[in-house]
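Each remark here refers to the structure printed beneath this line.
There are 4 protein chains.
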Amino acid sequence: MPEQALLEQVVDKVRPLLGQGKVADYIPALASVDPNKIGIAVTTIDGTTIGAGDYLEPFSIQSISKVFSLTMALTLYEENEIWSRVGKEPSGQSFNSLVQVELERGLPRNPFINAGALVISDLIQSRLGAPKHRMLESIRHLSGNQKLISDKVVANSEYEHSARNAAIAYLMKSFGNFNNDVDTVLRSYFHSCAIRMSCADLSKAMLYLANRGKNLTGKQLISPVQTRQMNALLATSGLYDGAGEFAYRVGMPGKSGVGGGIIAVIPGDMSVCVWSPELDLNGNSLAGTAALEEFCQRLGRSIF
Amino acid sequence: MPEQALLEQVVDKVRPLLGQGKVADYIPALASVDPNKIGIAVTTIDGTTIGAGDYLEPFSIQSISKVFSLTMALTLYEENEIWSRVGKEPSGQSFNSLVQVELERGLPRNPFINAGALVISDLIQSRLGAPKHRMLESIRHLSGNQKLISDKVVANSEYEHSARNAAIAYLMKSFGNFNNDVDTVLRSYFHSCAIRMSCADLSKAMLYLANRGKNLTGKQLISPVQTRQMNALLATSGLYDGAGEFAYRVGMPGKSGVGGGIIAVIPGDMSVCVWSPELDLNGNSLAGTAALEEFCQRLGRSIF
Amino acid sequence: MPEQALLEQVVDKVRPLLGQGKVADYIPALASVDPNKIGIAVTTIDGTTIGAGDYLEPFSIQSISKVFSLTMALTLYEENEIWSRVGKEPSGQSFNSLVQVELERGLPRNPFINAGALVISDLIQSRLGAPKHRMLESIRHLSGNQKLISDKVVANSEYEHSARNAAIAYLMKSFGNFNNDVDTVLRSYFHSCAIRMSCADLSKAMLYLANRGKNLTGKQLISPVQTRQMNALLATSGLYDGAGEFAYRVGMPGKSGVGGGIIAVIPGDMSVCVWSPELDLNGNSLAGTAALEEFCQRLGRSIF
Amino acid sequence: MPEQALLEQVVDKVRPLLGQGKVADYIPALASVDPNKIGIAVTTIDGTTIGAGDYLEPFSIQSISKVFSLTMALTLYEENEIWSRVGKEPSGQSFNSLVQVELERGLPRNPFINAGALVISDLIQSRLGAPKHRMLESIRHLSGNQKLISDKVVANSEYEHSARNAAIAYLMKSFGNFNNDVDTVLRSYFHSCAIRMSCADLSKAMLYLANRGKNLTGKQLISPVQTRQMNALLATSGLYDGAGEFAYRVGMPGKSGVGGGIIAVIPGDMSVCVWSPELDLNGNSLAGTAALEEFCQRLGRSIF
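Protein chains in written order, with my numbering: chain A, 446 to 749; chain B, 446 to 749; chain C, 446 to 749; chain D, 446 to 749.
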């Protein structure tokens with residue numbers, strides 16, 4: 446199990462990388478974040494959380510929310526109701542591409558690209574009365590932090606720049622793979638993306654992925670088999686168009702967000718979250734990826 | 446560690462699936478194989494090999510040879526000499542597609558699709574005097590079976606139906622990513638694909654992937670880091686367009702061939718090989734995949 | 446110049462083809478049309494109109510409206526304001542594909558595929574206060590028929606099935622090539638598509654394309670150069686994915702609609718309109734195309 | 446009919462454009478041509494040829510040879526034997542793209558992109574004993590110039606850089622749409638591309654396209670209907686990815702080559718050839734296109 450000192454060493458080691466990436470700037474609310482942040486937190490299956498650097502500072506979780514959404518969908522639907530509407534394969538395309546969705550007649554490749562996450566949001570919308578509220582409540586519960594909020598400025602800003610996601614949703618609707626009002630679902634989707642959490646919050650919230658489906662309080666959120674399957678999907682599709690490189694360098698199932706966060710797990714042992722806002726060319730945190738690589742190497746652990 | 450009885454149970458469990466897939470028939474030499482075969486072999490890191498069903502019967506390893514080729518390239522070249530010519534990402538396209546190669550200007554997505562494997566063969570051709578001989582010797586050594594041969598009828602038949610692979614090679618050549626004579630490299634490539642091995646041969650030969658790079662005789666073939674990286678690439682790209690589904694169902698890094706073989710590993714523990722000639726729609730052994738799924742489930746093991 | 450008898454012969458010749466195509470059925474309002482209709486009308490540059498078959502019966506002009514829209518845009522904007530937002534090349538893709546629009550970063554190939562026509566509608570929306578009214582007035586004036594109307598049932602039905610077109614518009618918006626509210630523009634677009642005209646109405650209205658830009662009343666609508674350019678675009682891009690085949694068989698610049706109408710011109714001589722609701726696999730009127738082929742052959746005329 | 450003075454004016458008008466394009470440099474033999482050349486020749490259906498500028502200087506006809514090849518195929522095969530193996534539609538892709546050929550399972554879009562021209566060469570190879578000799582003889586006959594030769598240096602240079610074309614041919618072979626030895630057909634193909642002709646030679650040789658299929662000596666080469674169809678295909682697909690723009694600006698069926706030549710016809714009146722080695726971004730002669738535009742404008746002629 447990692448110790449505090451190891452986390453400090455990891456942060457020290459990658460801090461020189463700050464300045465080499467580029468903060469997401471497609472919306473003003475994200476562009477204004479301080480680029481010089483770097484944090485890491487680890488939660489082990491005994492429930493202990495340790496951290497280093499800016500690991501207590503909240504940031505916009507963005508696409509990391511796709512993990513929570515898929516998990517919620519797994520609790521609301523039978524498996525085949527989900528997997529008949531979204532695939533399980535890496536996309537081989539940019540995270541927001543419409544080409545694949547058109548060529549494969551409205552079926553997104555996996556739940557972690559935008560198209561797939563929008564289908565998952567559409568599924569949740571069909572089943573829940575107040576999906577925004579329920580998703581936030583669920584994430585608060587998972588992290589044990591009742592004060593988590595969704596950043597209204599970020600959510601609104603995303604919505605105002607949502608033409609690409611609207612195009613994806615309407616394209617799927619034209620193939621019969623989107624049932625609710627596009628606008629309503631986009632609002633819910635951006636609400637989840639705009640939730641602010643710290644590395645500590647996220648490593649706690651993701652513990653169920655390391656603990657055969659049991660969350661921080663010991664409650665079985667999804668089954669052990671579902672947990673293993675979720676980790677498999679994260680390993681093959683969790684890092685946009687950089688899943689192969691991430692597996693090669695880091696060797697943990699993981700999910701990144703354009704806010705600079707990355708969560709990752711070593712099944713049976715621990716969940717990890719790193720955060721550093723500057724991104725590499727694939728849209729993944731540059732220093733964050735390096736921190737996870739360093740962490741695995743020093744710990745001598747990997748799933749491979 | 447698995448016992449003989451468990452392997453027998455796995456074989457019995459999946460035998461009813463025989464008849465549901467389709468033997469590869471793009472060349473006559475493969476089409477004539479008996480479809481009712483099913484075998485499994487496991488080699489643990491203590492060097493023990495056990496098996497069940499037709500695990501001693503040799504079959505055409507086909508694309509499983511791509512693992513041996515990449516391994517040989519790793520022993521001949523610096524890392525950057527390889528990864529500047531082939532990527533590490535899932536392709537999101539059919540295993541023999543030219544679209545991606547054209548759009549990405551001659552750079553194949555990974556070493557396990559045809560385009561990438563041809564680049565690896567081109568690299569080997571540039572460095573070795575007698576690549577066919579050397580590859581066969583290497584595989585004989587890895588499996589501890591000096592009698593292994595490449596099936597001339599299969600190799601010639603592949604060559605006579607090689608227009609698609611020739612197109613891929615020439616396309617890469619047009620982008621400057623193929624240096625040797627296309628015909629010569631294709632001959633070497635098919636020679637390796639046509640090597641005949643049993644499940645027992647293959648599980649032994651692949652032990653280094655489970656044993657941090659050490660082969661059956663304890664010799665360090667590639668480094669522990671390279672082994673971990675190889676397993677990462679197999680997990681994200683080893684099963685053609687079905688890598689996500691395979692990870693989801695089986696949860697082991699693996700590589701399949703159209704001869705019906707699949708190799709897979711649990712790092713630190715064991716290498717496995719299954720064989721059953723009938724393929725599913727992705728070109729992976731139908732009963733073989735089911736056998737691996739059953740094996741992992743009964744053993745309660747997975748990397749996820 | 447053609448005579449009445451020739452038109453009758455053309456209609457008789459192609460009537461046996463009725464029953465071989467398929468009426469557009471993507472919206473109920475179009476699916477219910479009588480499939481056994483066939484009409485042809487010709488307007489010569491002296492202003493005379495003759496016809497045969499069901500040439501006085503109004504039908505839904507659908508994509509033929511794209512000719513009127515581009516013409517109106519040419520009267521509202523400078524050339525470069527239009528051609529910086531839409532190209533002049535054949536698309537090589539289905540009329541409603543998003544692939545090309547994504548790959549070419551929001552710039553549609555030409556004004557006669559859906560994406561290009563939506564950009565033209567967006568341009569018109571930016572310049573006119575009441576675009577629906579103005580377009581209808583303009584078409585009434587061109588055809589000399591003040592009673593023309595847009596079919597509300599068809600327009601509403603199109604709108605209710607507009608997900609694909611909405612996806613295209615939002616995709617262009619995401620690239621900065623769509624300025625107005627998507628919903629508003631779609632409403633205008635469908636209003637024009639749903640205008641009902643007969644072959645006689647349409648051959649009269651299109652006379653300006655045959656008469657160097659002068660309409661039926663002798664007024665210069667667009668310049669001779671613009672007219673020649675419009676005909677060039679119709680010849681290369683007017684028939685969806687069947688422009689080459691249409692040029693090969695018919696040899697006239699033309700534009701088709703899924704309502705079964707096709708307009709075509711022999712520059713300097715005449716405008717023609719045929720109508721028959723059953724479509725071929727490219728979405729062009731099956732008997733209508735044959736009628737134009739027969740007409741050109743009997744007349745011994747073609748632009749080639 | 447144009448007079449000598451008009452041709453001189455056209456040349457004078459476009460000469461200032463020299464220096465704005467880029468000579469084809471993918472093979473050394475083409476890169477060394479003098480860029481400051483500009484010529485134009487016109488042959489009217491009475492058999493008269495006039496010219497201006499460098500209209501008597503021979504250049505490499507390159508893709509203009511595709512017109513001669515298709516014409517020869519039309520004399521050797523039934524229509525359906527040709528059009529079952531190559532389409533009639535604009536490609537919407539770069540002239541040497543493999544994407545379309547793969548997606549449409551080996552069927553090239555039209556006979557004027559490389560893939561289509563290779564299929565035509567394959568057809569000719571199947572029927573003729575000495576296709577290189579026969580093609581040269583035919584072109585000598587058409588132009589009335591027995592001294593025409595194919596430039597061996599250019600042909601060999603093309604062959605040495607033929608990986609892309611080899612890839613296309615092998616891809617079509619993999620779909621069963623290429624019957625002869627790839628190398629042999631490539632040799633014939635490049636032999637025709639490397640034929641050297643002057644503007645005068647080419648305008649004479651192409652007269653049959655303007656004269657309902659009758660060549661300079663009055664012999665019927667192809668039928669009037671075939672001639673009209675050939676012109677239709679040239680209008681929609683003759684200028685690579687710039688067919689729409691060429692129709693818009695020039696308004697004549699035409700075919701360009703990377704040697705800087707463009708042939709064009711006004712059916713019933715005349716054939717024209719321009720030459721200037723510098724190309725625009727679409728690979729068509731920059732000053733040559735401008736010369737044709739100027740020519741049509743001054744003459745007040747166009748097919749539209």
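Every residue, glycine too, gets a C-beta built ideally from N, C-alpha and C.
Cβ-Cβ separation between A:V717 and A:I485: approximately 7 Å, consistent with a contact (criterion under 8 Å). Straight-line spacing of the CA atoms in B:S721 and B:N481 works out to 7 Å.
Taking a C-beta cut-off of 9 Å against chain B, the contacting residues of the region 670-696 of chain A are V670, T672, R673, Q674, M675, N676, A677, L678, L679, A680, T681, S682, D686, G687, A688, G689, E690, F691, A692, Y693, R694, V695, G696, listed in chain order.
Residues of chain A with a Cβ closer than 8 Å to the Cβ of C:E547 are, in chain order, S542, L543, V544. B:L678 sits buried, since 16 or more C-beta atoms from the chains shown fall within 10 Å of its C-beta.
By the rule that beta-carbons nearer than 7 Å mark a contact, A:R554 does not touch chain C. B:S747 has a beta carbon lying within less than 7 Å of a beta carbon in chain A. Looking at the DSSP output, D:A497 sits in a beta bridge with D:I485. For D:Q665, DSSP records a beta bridge to D:K659. For D:E739, the three-state secondary structure derived from DSSP is helix. The beta carbon of C:A575 does not come within 7 Å of any beta carbon belonging to chain A, so the residue lies off that interface. In the displayed model, C:R609 falls within a helix according to three-state DSSP.
Contact between B:E582 and B:A639 fails: their C-beta atoms lie close to 16 Å from each other, not under 8 Å. Chain B places a beta carbon closer than 7 Å to that of A:K533, counting this residue as a contact. Scanning A:I509, A:P503, A:L475 for the CA closest to the CA of A:K700 turns up A:I509. Not a single C-beta of chain D is nearer than 7 Å to the C-beta of B:A469. Within the region 602-620 of chain A, contact with chain C at the beta-carbon level (separation under 7 Å) is assigned to A608, R609, A611, A612, Y615, L616, K618, S619. In the structure shown, C:A709 adopts extended strand secondary structure according to DSSP, grouped into three states. Nearest in C-alpha terms to D:I584, of all of D:S539, D:L563, D:L661, is D:L661. Taking all protein chains shown into account, A:Y685 has 16 or more neighbouring C-beta atoms within 10 Å of its C-beta and is therefore buried. A Cβ-Cβ distance of about 6 Å is found for the pair D:T681 and C:A688, placing them in contact under the 8 Å criterion.
Listed in chain order, the positions of the region 653-665 of chain D with a beta carbon within less than 7 Å of a beta carbon of chain C would be empty, since no residue qualifies. With contacts defined as CB atoms closer than 7 Å, B:V599 and B:S514 fail to qualify as a contacting pair. Within chain C, the residues E534, P535, S536, G537, Q538, Q545, R554 have their CB atoms less than 8 Å from the CB of D:G537, given in chain order.
With respect to the 7 Å criterion, A:F740 and A:V455 are classified as neighbours on the basis of their beta carbons. With contacts defined as CB atoms closer than 7 Å, B:L654 and B:V710 qualify as a contacting pair. With respect to B:G696, B:S637 sits apart: the two C-beta atoms are not nearer than 7 Å. Straight-line measurement puts the Cα of A:E534 at about 29 Å from the Cα of A:S588.
At a cut-off of 7 Å between C-beta atoms, D:P712 counts as an interface residue with respect to chain C. Judged by DSSP in its simplified three-state form, D:K592 adopts coil rather than helix or strand. The Cβ atoms of A:A562 and A:K618 lie no closer than 7 Å to each other.
Burial check for D:P473: the Cβ neighbour count within 10 Å stays below 16, so the residue is exposed. Under the three-state reduction of DSSP, C:M697 is assigned to coil, being neither helix nor strand. Distances from the alpha-carbon of D:L521 to those of D:P553, D:I569, D:L548 put D:I569 closest. Nearest Cα to D:P556 within the set D:V719, D:A735, D:Y471, D:I565: D:I565. One thing to note: D:Y615 has its Cβ no nearer than 7 Å to the Cβ of C:Q674.
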